[in-house]
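Visitor:
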Amino acid sequence: MKYQLIIFDWDGTVMDSVARIVSSMQACALDCNLTVPTATAVRDIIGLSLYKALPILFDGLTEQDEVALLAAYRRHYLELNTTPSPLFAGAGELIKSLHQDGYQLAVATGKQRVGLDRVLAQTQLGSYFHALRGADQALSKPDPLMLEQILAELQLSPADAVMVGDSSYDLAMAKAIGMDRIGVTYGVHDATTLSQHTPIALIDDIRHLRDWL
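Here the sequence shown stands for residues 318 to 530, numbered as in the numbering used here.
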């Protein structure tokens, strides 16, 4: 076993939630009388914290604008948007089997911690993870702080772990501390974009992760 720890991003890596995020962001822009961002623009910020993403999507925001946008986004994503956001095929089974095989597992996500806790409860996967970090517990990706916090909590080094994610932000934060990284190509960034961060592998199905471990 080369790695002791596998760290997963969540949205676009474990959960097929990209379409729901995009449509929720576009709907909240309408609510706040702002120019609606394109689907491509929204996809490109998935993985960042909302506080870092909003100024990229919308120019000239005031603090009051940001508060209104955040409230509108959460209302749409949690209450109004009916777009399904299931786990990717095989993701739940993979996580359970990796846990059974003795790997330590963690999540490093652009979601806030309360949102991560919610989906872990809904999917009944929370008990399989040894460490969790949301966007409000560290600096936003691609800063590597959340990875450093996870390693410190589990008393491991970057060489003991591998990061699995669908965005350039996931791979860049792992690269910043010399951690191996695997890109998944079915999420927000394509293989060409992910390749810029020298992953050890690119996979087009989460179930293929086992082939690289």
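Every residue gets a Cβ at the ideal spot worked out from N, C-alpha and C, and that includes glycine.
Report all residues from its chain with a CB closer than 7 Å to the CB of Leu473; omit the five preceding and five following residues, and keep chain order.
Guide: Along the sequence shown, read from residue 1 onward, the residue named residue 473 stands at position 156. Same-chain partners within the cutoff: Gln321, Leu322.
Visitor: Are the stretch 332-344 and the stretch 443-450 touching by the rule of at least three beta carbon pairs closer than 8 Å?
Guide: The stretch 332-344 is not in contact with the stretch 443-450.
Visitor: According to DSSP, simplified to helix, strand and coil, what is Ala406?
Guide: As a first step, residue 406 must be located in the sequence shown, where it is residue number 89. It is coil, neither helix nor strand.
Visitor: Should Leu462 and Ile499 be called a contact, given that it needs their Cβ atoms to be closer than 8 Å?
Guide: For the purposes of this step, residue 462 is identified with residue 145 of the sequence shown, where counting begins at 1. For the purposes of this step, residue 499 is identified with residue 182 of the sequence shown, where counting begins at 1. No, these two residues do not count as a Cβ contact at 8 Å.
Visitor: In whole angstroms, what is the alpha-carbon distance linking Tyr394 and Ala358?
Guide: For the purposes of this step, residue 394 is identified with residue 77 of the sequence shown, where counting begins at 1. For the purposes of this step, residue 358 is identified with residue 41 of the sequence shown, where counting begins at 1. About 18 Å.
Visitor: With a cut-off of 8 Å, do at least 3 Cβ pairs link the stretch 348-364 to the stretch 494-514?
Guide: Flag = yes, the stretch 348-364 and the stretch 494-514 touch.
Visitor: Quick one, which of Leu471, Met496, Pro403, Leu371 has its alpha-carbon nearest Ala478's?
Guide: On the sequence shown, residue 478 is found 161 positions in, with the first residue counted as 1. Here the closest residue by C-alpha is Met496.
Visitor: May I ask you to verify whether the stretch 450-461 touches the stretch 337-352, counting CB pairs closer than 8 Å and requiring at least 3?
Guide: Cβ pair count under 8 Å is below three, so no.
Visitor: In the DSSP assignment, what residue or residues form a beta bridge with Met490?
Guide: Looking up residue 490 in the sequence shown gives position 173. Note: Met490 sits in no beta bridge, so no partner.
Visitor: Please return the same chain residues whose Cβ sits closer than 6 Å to the Cβ of Glu470, not counting the five positions on each side in sequence.
Guide: The sequence position of residue 470 within the sequence shown is 153, counting from 1. The residues are Ala448.
Visitor: With DSSP as the reference, identify every bridge partner of Val359, one or two as the case may be.
Guide: As a first step, residue 359 is located in the sequence shown; it is residue number 42 there, counting from the start. None, per the DSSP bridge assignment.
Visitor: Taking the Cβ atom as the reference point for each residue, do Asp434 and Gly329 lie within a distance shorter than 8 Å?
Guide: Position 117 of the sequence shown holds residue 434. Position 12 of the sequence shown holds residue 329. Their beta carbons are not under 8 Å apart, which means Asp434 does not touch Gly329 by this criterion.
Visitor: Indicate whether Lys534 and Trp529 have their beta-carbon atoms separated by less than 8 Å.
Guide: Because the chain spans 318 through 530 in this model, residue 534 falls outside it and cannot be assessed.
Visitor: Can you check DSSP and say which residues form a bridge with Phe325?
Guide: For the purposes of this step, residue 325 is identified with residue 8 of the sequence shown, where counting begins at 1. Looking at the DSSP assignment, Phe325 forms a beta bridge with Val424, Val481.
Visitor: Around the Cβ of Gly486, are there at least 16 other Cβ atoms within 10 angstroms (buried) or fewer (exposed)?
Guide: In the sequence shown, the residue the question calls residue 486 occupies position 169. Sequence inspection shows Tyr at residue 486; the Gly mentioned does not correspond to that position. Tyr486 is buried by the Cβ-count criterion.
Visitor: Looking at Thr515 and Lys492, is the spacing between their C-beta atoms short of 8 Å?
Guide: Sequence index remark: in the sequence shown, residue 492 carries index 175 (1-based). Sequence index remark: in the sequence shown, residue 515 carries index 198 (1-based). Against a cut-off of 8 Å, the Cβ pair of Thr515 and Lys492 comes out as a contact.
Visitor: For Thr379, is the classification buried or exposed, using 16 other Cβ atoms within 10 angstroms of its Cβ as the cut-off for buried?
Guide: On the sequence shown, residue 379 is found 62 positions in, with the first residue counted as 1. Exposed, because fewer than 16 other Cβ atoms sit within 10 Å of the Cβ of Thr379.
Visitor: Looking only at C-alpha atoms, which of Asp521, Arg430, Gln421 sits nearest to Met318?
Guide: As a position in the sequence shown, residue 318 is number 1, starting the count at 1. Among Asp521, Arg430, Gln421, the Cα nearest to that of Met318 is on Gln421.
Visitor: Suppose the cutoff is 7 Å on Cβ atoms and the five residues either side in sequence are ignored; what does the same chain contact list for Ala389 look like?
Guide: Translated into the one-based positions of the sequence shown, residue 389 becomes position 72. So the qualifying residues of the chain are Cys345, Asp348, Cys349.
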